[in-house]
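Notes to accompany the following structure.
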Amino acid sequence: MANSSGSRDVQATVLWAQRKNYIFLTVCVEDCKDPKVDITEEKFTFRGIGGTEKTSHHCEIEFYDKVDPSSVRRIISDRQLEFVINKLNTDGAFWPRLMKNQGRHWWCKVDFNKWKDEDDVSLDGDMNHDFDFSKYADTFQDDKMNAEFGKFSDSDDEELPELGTDDTAPIESHS
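Counting from 1, position 104 in the sequence shown corresponds to residue 105 in this note's numbering; the numbering is continuous, with no gaps.
Put into structure tokens, the structure is as follows:
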């Protein structure tokens, strides 16, 4: 794709991850000057000049489902531009992919530093799963359940020998 100055745009590398209610997008363009970002319910568009060659970069993503463009959090650093974008449909379902188009996009990769599987998120989320711990409070207060750990010996309770010089070791002289 040619830009207004006649040179070709470079496709920006994008990393992505998701949670139940939002997605992470990272546009990997170093030292990006004056980035132009447009986020609608259906689409993410980026254009900016950066990298070691100060070339024009672009990226356009048509989202799998709708997002909320009014609640985007942006973190812009010297190395990349990060976005946290809320999903509009907050039923908690994970998207099977980032883009509506099922084709393969070499420039779009999973951000494994932020990625969590749907199963992992459910474990990290609401841990009580409507389990009422107050029913068991009396059990935990029972003296029979409270062990006295002071009665048990531990291997690290023993004194360590003093560290010092070994008088029997020969001393070498380098004269």
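Every residue gets a Cβ at the ideal spot worked out from N, C-alpha and C, and that includes glycine.
- Per the DSSP secondary-structure output, Gln81 pairs with nothing in a beta bridge.
- For Tyr65, no beta strand (DSSP E) segment is defined, and its DSSP state is neither H nor E.
- Per DSSP, the continuous beta strand (DSSP E) segment holding Ala18 begins and ends at Thr14 to Gln19.
- By the Cβ neighbour-count rule, Lys88 is buried, with 16 or more other Cβ atoms within 10 Å of its own.
- Taking the CA atoms as reference points, Asn102 sits about 18 angstroms from Phe47.
- The C-alpha of Lys21 lies about 52 angstroms from the C-alpha of Leu161.
- By the CB criterion at 8 angstroms, Ile86 and Leu16 fall outside the cutoff.
- Following the DSSP letters along the chain, one finds Pro162 in no beta strand (DSSP E), marked with neither H nor E.
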